[in-house]
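Heads up: the structure comes next, in structure tokens.
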Amino acid sequence: MKKVYFDNAATTQIREEVILRMSEVLKSDYGNPSSSHSFGRSAKSLLENCRKEIAAHFNVSSAEIIFTSGGTEADNLILNSCVKDLGVTRIITSRIEHHAVLYTIQNLKATTNLMVDYVKLDDRGMVDYNHLETLLKDSKSKTLVSLMHVNNEIGNKVNLALVAEICKKYNALLHSDTVQSVGYYPLDFSEIPIDFTVASAHKFHGPKGVGFAFIRKNSGIRSLIRGGEQERGLRAGTEAVYAIAGMAKAIEMSYDNLKEENPYITSIKEYFIDRVLQEIPTIKFNGYCSDFENSTYKIVNILLPISSERATMLLFQLDLKGIACSKGSACQSGSTKGSHVLTEILSDENLSKPSMRFSFSSYNTKEEVDYVVDVLKEFVSS
Ligand SMILES: Cc1ncc(COP(=O)(O)O)c(C=O)c1O
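This note's numbering numbers the first residue of the sequence shown as 3 and each following residue consecutively.
Structure below.
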């Protein structure tokens with residue numbers, strides 16, 4: 003059966019070169035980087051080289067890169083410590099953040115004296131920068147702003163440089179969940195005045211279960227996990243050296259190939275939008291995903307003009323035809339709850355219709371787009 007993987011915002015196919023790098027490290031560098039003998043020193047030196055290489059992509063110092071088990075842990079580390087160790091008493095965020103941020107902040111609000119304000123969004127889910135400034139102007143408390151760079155469900159891309167400027171003007175700390183943008187956009191944190199960002203290797207053709215936090219030097223952040231002194235005391239636990247080496251390789255390849263892969267993936271998304279509009283003209287696009295200025299080039303989220311009764315059939319039908327895509331966000335597959343992002347921006351009537359997220363990578367082709375659009379058309383017109 004034909005197989006099409008259009009769920010690259012959920013996770014990506016691992017690159018061959020990354021697998022090769024990880025097997026080399028698994029075979030030859032099995033020492034514990036905290037051991038003082040030669041096996042440990044070798045693993046430690048490999049680990050520190052990876053840190054240096056990763057830091058260089060963001061123009062930051064290697065001491066500012068802390069390896070974690072992924073994006074969720076890195077978000078938890080930063081948000082919890084901001085409140086518990088840095089004296090942050092107010093967080094300004096949005097209602098369409100990833101659950102790793104949304105739920106962590108809700109939990110902090112429920113268990114501490116934290117105040118939480120949600121920035122206004124326009125009707126397609128874009129941050130209202132004027133409202134952010136208004137919220138910050140009035141702030142008397144130590145404030146952290148937490149706004150994601152690229153939304154994993156609808157693809158909206160926030161103007162991170164602008165948000166950082168606003169935060170700097172009002173002396174607020176800034177955390178951004180950059181899980182969907184690391185490896186896809188050049189990010190120079192020596193230019194953007196941002197305090198904390200996070201990344202996850204499996205979103206850029208690396209392994210699952212590994213990521214990192216960028217934590218600005220001397221920030222005062224402290225470890226969430228108690229134990230050893232690994233990661234300069236910021237993340238206890240033996241580092242997954244092979245996975246970190248795989249992540250370093252994946253990030254290197256993403257940035258090395260960006261000049262070719264960005265326009266290629268953009269052309270796949272453009273082709274998808276053109277073809278789907280041609281075949282199903284009544285289709286709608288959720289958020290800013292059809293606006294290339296304000297959205298990422300790898301995500302399209304469509305609203306299909308069919309009844310809610312047929313909605314559940316659709317994902318099943320696509321799966322039967324070998325097509326992998328996502329209803330709302332794959333991070334919630336298995337969950338019976340609807341998408342909190344779409345709930346914020348869609349009317350009740352549109353919420354009851356099926357919305358599907360298609361997300362692309364450099365492994366996809368226009369032929370695959372043709373196949374998927376044909377299947378969608380057949381379903382909608384049947
Ligand atoms: C925006 C965003 N933040 C955080 C995460 C969580 O990352 P991880 O899977 O590495 O925990 C994801 C992954 O789904 C994501 O898309």
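In this text, a Cβ means the ideal position worked out from N, Cα and C, and glycines have one as well.
Between the alpha carbons of residue i and residue j, how many angstroms are there, rounded?
i, j, result
"residue 280", "residue 116", "49 Å"
"residue 24", "residue 283", "46 Å"
"residue 236", "residue 371", "44 Å"
"residue 196", "residue 187", "16 Å"
"residue 9", "residue 358", "10 Å"
"residue 208", "residue 251", "8 Å"
"residue 50", "residue 64", "8 Å"
"residue 302", "residue 154", "10 Å"
"residue 110", "residue 92", "10 Å"
"residue 19", "residue 255", "9 Å"
"residue 310", "residue 316", "10 Å"
"residue 34", "residue 228", "18 Å"
"residue 324", "residue 273", "20 Å"
"residue 223", "residue 128", "29 Å"
"residue 278", "residue 126", "20 Å"
"residue 159", "residue 180", "10 Å"
"residue 42", "residue 300", "40 Å"
"residue 185", "residue 152", "12 Å"
"residue 46", "residue 12", "31 Å"
"residue 21", "residue 249", "10 Å"
"residue 344", "residue 48", "43 Å"
Find the nearest neighbour of residue i within the set the options, judged by alpha-carbon distance.
i, options, result
"residue 175", "165, 184, 182", "165"
"residue 172", "144, 163, 182", "144"
"residue 3", "375, 150, 326", "326"
"residue 74", "295, 312, 202, 374", "202"
"residue 369", "379, 355, 270, 285", "270"
"residue 194", "380, 217, 316, 162", "162"
"residue 95", "89, 88, 103", "103"
"residue 1", "39, 363, 133, 342", "Since the first residue of the chain shown is 3 and the last is 384, residue 1 is not available in this structure."
"residue 233", "79, 90, 191", "79"
"residue 198", "362, 374, 262, 62", "62"
"residue 82", "225, 367, 291", "225"
Which two residues bound the contiguous alpha helix (DSSP H) that contains residue i?
i, result
"residue 249", "243-281"
"residue 100", "Taken as a continuous stretch (DSSP letters only), residue 100 belongs to no alpha helix (DSSP H), as it is neither H nor E."
"residue 376", "368-383"
"residue 1", "Outside the shown range of the chain, which is 3 to 384, sits residue 1, and nothing can be said about it."
"residue 61", "Counting along the chain, residue 61 falls outside any alpha helix (DSSP H), and DSSP gives it neither H nor E."
"residue 288", "Unbroken run through residue 288: none, as it is neither H nor E."
"residue 310", "310-322"
Note the first and the last residue of the continuous beta strand (DSSP E) segment covering residue i.
i, result
"residue 357", "357-361"
"residue 119", "117-120"
"residue 200", "198-202"
"residue 69", "67-70"
"residue 95", "92-95"
"residue 215", "213-217"
"residue 302", "301-305"
Does the Cβ-Cβ distance between residue i and residue j come in under 8 Å?
i, j, result
"residue 1", "residue 98", "Not covered by the structure: residue 1. The range shown for the chain is 3 to 384."
"residue 382", "residue 307", "yes"
"residue 242", "residue 230", "no"
"residue 253", "residue 16", "no"
"residue 77", "residue 106", "yes"
"residue 212", "residue 245", "yes"
"residue 379", "residue 305", "no"
"residue 314", "residue 36", "no"
"residue 215", "residue 52", "no"
"residue 298", "residue 182", "yes"
"residue 121", "residue 134", "yes"
"residue 157", "residue 289", "yes"
"residue 205", "residue 14", "yes"
"residue 189", "residue 60", "yes"
"residue 320", "residue 377", "yes"
Between residue i and chain C, is the shortest Cβ-Cβ distance under 8 Å, so that the two count as touching?
i, result
"residue 99", "Protein chain content of the structure displayed is limited to a single chain, and chain C is not contained in it."
Extract the residue ranges of the alpha helix (DSSP H) inside the region 123-152, only unbroken runs of 4 or more that lie entirely within it.
131-139
Can you list, in chain order, the stretches of the alpha helix (DSSP H) that have 4 or more residues and sit fully within the region 22-62?
40-59
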